[in-house]
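Residue numbers (this note's numbering): 345 to 436.
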């Protein structure tokens, strides 16, 4: 269901009933990975998190790790951040 590099890989979906009686399968929120800090990137205009993740982590889909380290629920929460925390390429 999810890519092997996804933070949701390996998590078991469970059913939730909506107010109108439909049953949806949802995935639990994974625990924070406890990333260490490699350093900070001074953001320039038009830089996107997926581009930074590709440059520093080797995979643009790993931008969620940058968000986790910055304690940001959504990438847009970092839109105005001047310095972006960068985790190491390999998870610790």
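Every residue gets a Cβ at the ideal spot worked out from N, C-alpha and C, and that includes glycine.
Close Cβ partners of residue i (< 7 Å) along its chain, the five nearest in sequence each way excluded
i	result
residue 346	352 and 353
residue 349	403, 405 and 406
residue 384	427, 428, 429 and 430
Distance between beta carbons of residue j and residue i, contact taken as under 8 Å
i	j	result
residue 382	residue 432	5 Å
residue 372	residue 355	6 Å
8 Å CB neighbourhood of residue i in its chain, flanking five on each side removed
i	result
residue 411	393, 417, 418, 419, 421 and 422
Buried/exposed call for residue i, threshold 16 Cβ in 10 Å
i	result
residue 386	exposed
residue 366	exposed
residue 400	buried
residue 368	exposed
Start-to-end residues for the alpha helix (DSSP H) that takes in residue i
i	result
residue 384	Looking at the DSSP string, residue 384 is not in any alpha helix (DSSP H); the run it does join, the beta strand (DSSP E), is 383-386.
residue 412	407-413
Spatial neighbours of residue i in its chain, beta-carbon cut-off 6 Å, leaving aside the 5 residues before and after
i	result
residue 413	379, 429 and 431
CB contact below 8 Å: residue i versus chain C
i	result
residue 387	No chain C is present in this structure, which holds just one protein chain.
Range covered by the beta strand (DSSP E) that runs through residue i
i	result
residue 427	427-430
residue 368	367-370
residue 400	That residue, residue 400, is in no beta strand (DSSP E); its alpha helix (DSSP H) goes 393-401.
Which residues DSSP lists as bridging residue i, in chain order
i	result
residue 360	368
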